[in-house]
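Asks: I'd like to ask you about the structure that follows.
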Amino acid sequence: MTECPACGRETAGGEVLCPACGARVAGVTESFPPVEAEPEEASEHVEGVEGPLLVVRKGPEIGERFYIDRPRLTVGRDPGSDIFLNDVTVSRSHAVLDSGGGEVRITDAGSLNGTYVNGVLVDAAPLRSGDLVQVGTFQMVYISGGEPL
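Here the sequence shown is numbered in our numbering, starting from 103 and rising by one per residue.
This is the structure in structure tokens:
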């Protein structure tokens, strides 16, 4: 059971809206159609950027930069995630970024909405500079900006 943040009524698991007051119930991942990839704005390199990194270009937090500075980073809506994406379209544990051997690889962690690279649903995929990564409503461009770990 989940408690409504607005009125305090207990709601059944899986409800997105409180049946009593209509407020959004926190903690429920919502489904949504993926955003079409638009590669014309993607950039392979940004001057002065030490990378690799992901830069949010669509969705919440446009311009936010997430540096891939460790061999393994978790991506999700859980505040304990290394890359915290605070939106109900992102699963608590959505994806994992692994870097090593000169490569950065993204792997879906069994998320509801999936992980997309350049508009293609992937279980796992290596990232190349300029690739568009879609996690929930967050569309991010991957920029190598240097050698991956």
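Positions of the beta carbon are idealized from the N, C-alpha and C atoms, including for glycine.
1) Around the Cβ of P121, are there at least 16 other Cβ atoms within 10 angstroms (buried) or fewer (exposed)?
2) Give the straight-line distance between the Cα atoms of G203 and D233, rounded to the nearest whole angstrom.
3) By DSSP, does A226 sit in helix, in strand, or in coil?
4) What first and last residue would you give for the beta strand (DSSP E) that runs through A114?
5) Using 8 Å as the threshold, is the region 202-217 in touch with the region 157-166, meaning 3 or more CB pairs across them?
6) Counting only the same chain and skipping the five closest in sequence on each side, list residues whose C-beta sits under 8 Å from that of E105.
7) DSSP on S201, reduced to helix/strand/coil?
8) Quick check on L223: buried or exposed, where buried means 16 or more other Cβ atoms within 10 Å of its Cβ?
9) Name the DSSP bridge partner or partners of G165?
10) Below 8 Å on the Cβ atoms is my contact criterion, and I expect R174 with D189 to pass it. Report the Cβ-Cβ distance as a whole number of Å.
11) L155 and G247 look like a contact to me (Cβ under 8 Å); what is the Cβ gap, rounded to whole Å?
12) For I170, which residues of its own chain have a beta-carbon under 8 Å away from its beta-carbon, when the five flanking residues on both sides are left out?
13) So, is P141 buried or exposed, given that buried needs 16 or more other C-beta atoms within 10 angstroms?
14) Can you tell which of Y244, P162 and V192 has the C-alpha that lies nearest to the C-alpha of P228?
Replies: Here's the rundown:
1) Residue numbering aside, residue 121 sits at position 19 when the sequence shown is read from its first letter. So P121 ends up on the exposed side.
2) What you label residue 203 is simply residue 101 of the sequence shown in a count that begins at 1. What you label residue 233 is simply residue 131 of the sequence shown in a count that begins at 1. Cα to Cα, G203 sits roughly 19 Å from D233.
3) Locating residue 226 in the sequence shown gives position 124, where the first residue counts as 1. Strand at A226.
4) Numbered from 1 along the sequence shown, position 12 holds the residue referred to as residue 114. No beta strand (DSSP E) contains A114, which DSSP labels as neither H nor E.
5) no
6) For the purposes of this step, residue 105 is taken as the residue at position 3 of the sequence shown. Contacts found: R111, E112 and T113.
7) On the sequence shown, residue 201 is found 99 positions in, with the first residue counted as 1. Residue state, collapsed to three classes: strand.
8) Reading the sequence shown from its first residue, position 121 is the one you call residue 223. Exposed is the call here.
9) On the sequence shown, position 63 is the one that residue 165 refers to. DSSP output for G165 lists no bridge partner at all.
10) Residue 174 sits at position 72 when you count from the first residue of the sequence shown. Residue 189 sits at position 87 when you count from the first residue of the sequence shown. Rounded, the Cβ-Cβ distance is 22 Å, inconsistent with contact.
11) In the sequence shown, residue 155 corresponds to position 53, counting from 1. In the sequence shown, residue 247 corresponds to position 145, counting from 1. The Cβ separation is near 6 Å, so the contact holds.
12) Reading the sequence shown from its first residue, position 68 is the one you call residue 170. Excluding sequence neighbours, I170 sits near G153, P154, L155, L156, L199, S201, V206, P250 and L251.
13) Here residue 141 corresponds to residue number 39 of the sequence shown, with the count starting at 1. Residue confidence is low: P141 scores 49 on pLDDT, short of 50, so the model does not pin down where it sits. No coordinate-derived value is stated.
14) As a working note, residue 228 is residue 126 in the sequence shown. Comparing Cα positions, the closest option is Y244.
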